[in-house]
Amino acid sequence: ELKVEQNPLFLSMQEGKNYTIYCNYSTTSDRLYWYRQDPGKSLESLFVLLSNGAVKQEGRLMASLDTKARLSTLHITAAVHDLSATYFCAFRGGSQGNLIFGKGTKLSVKP
Amino acid sequence: DTEVTQTPKHLVMGMTNKKSLKCEQHMGHRAMYWYKQKAKKPPELMFVYSYEKLSINESVPSRFSPECPNSSLLNLHLHALQPEDSALYLCASSQGPFSYEQYFGPGTRLTVT
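Residue numbers (the working numbering), protein chains in the order written: chain P, -4 to 106; chain H, 3 to 115.
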């Protein structure tokens, strides 16, 4: 079965703190995606990770990929309120290149 | 231009209505996707078109009918929908079915009354 497990599903953080979101996926995939979604909005692409050991950083967010463990992480450094959103990881696992999404992590950053 | 456009942004329709959602991209992409997203849930794949041919239909009820008239345009025809079909409908495209990046449109918020 193709599936993605994200945890935690809900995360309430204080500004300035660090935290990590974990994403485990069920089968070999050549790429792993992280998206951000604000309420009522579409998906905004954050990172595409293509190979084992890949690490990408943008601002306070850093994503990494371990293909052997089938694990990706999204690390948040010194959180700010603007990072409040739902974060989805997804892997390309469908037979026609379609994405399989995790359930999402709803992040709330409080002052 | 890395934009996928969708119209309308919002749609309210009755259960006996017929309406269509439209998705357009001018990036030369040859794979286009429809996803359905219910509140507080992840997107779920509905259909994939690859080179204008339907390649995946994820057991979607026949009241949803996709159409790909050309490589830039993807429609989703709606007929006799149910209130539980209310959701955000997202269109996406990629250069090919296994390409690096998948671009999402802004979505159509559909409410069925």
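Backbone N, C-alpha and C fix where the C-beta goes; we use that ideal spot for every residue, glycine too. Source: prediction; values computed, not measured.
Close beta carbons around Lys145 of chain H, own chain, < 7 angstroms, minus the five adjacent residues each side = Past the boundaries of the shown model lies residue 145 of chain H; chain H is included only from 3 to 115, so the question cannot be answered.
Using the C-alpha atoms, what's the distance from Ser88 of chain H back to Ala94 of chain H?
-> 19 angstroms
Can you list, in chain order, the residues of its chain whose CB lies under 6 angstroms from that of Phe96 of chain P, leaving out five sequence neighbours each side?
-> Phe83, Ala85
Residue range of the beta strand (DSSP E) that Asn19 of chain P falls in?
-> 14 to 20
Beta-bridge pairing of Thr62 of chain P - partner residues as DSSP gives them = Looking at the DSSP assignment, Thr62 of chain P forms no beta bridge with any residue, so it has no partner.
Using only alpha-carbon positions, find the residue among H:Leu83, H:Glu26, H:Gly30 that is nearest to Asp36 of chain H.
-> It should be pointed out that residue 36 of chain H corresponds to Trp in this sequence rather than to Asp. The option with the nearest alpha carbon to Trp36 of chain H is H:Glu26.
What are the start and end residues of each continuous alpha helix (DSSP H) run of 4 or more residues lying completely inside the stretch 28 to 102 of chain P, in chain order?
-> none
Please check if any C-beta of chain P sits within less than 8 angstroms of the C-beta of Gly30 of chain H.
-> no
Given 8 angstroms as the limit, is there contact between the stretch 1 to 11 of chain P and the stretch 50 to 63 of chain P, that is, 3 or more CB pairs closer than that?
-> no
Quick one: which chain P residues come within Cβ less than 9 angstroms of Glu95 of chain H?
-> The displayed chain sequence assigns Ser, not Glu, to residue 95 of chain H. Correct list: empty, because the minimum Cβ distance to chain P is about 11 angstroms.
Pair every Cβ in the stretch 66 to 75 of chain P with every Cβ in the stretch 15 to 24 of chain P, then say whether three or more of these pairs are closer than 8 angstroms.
-> yes
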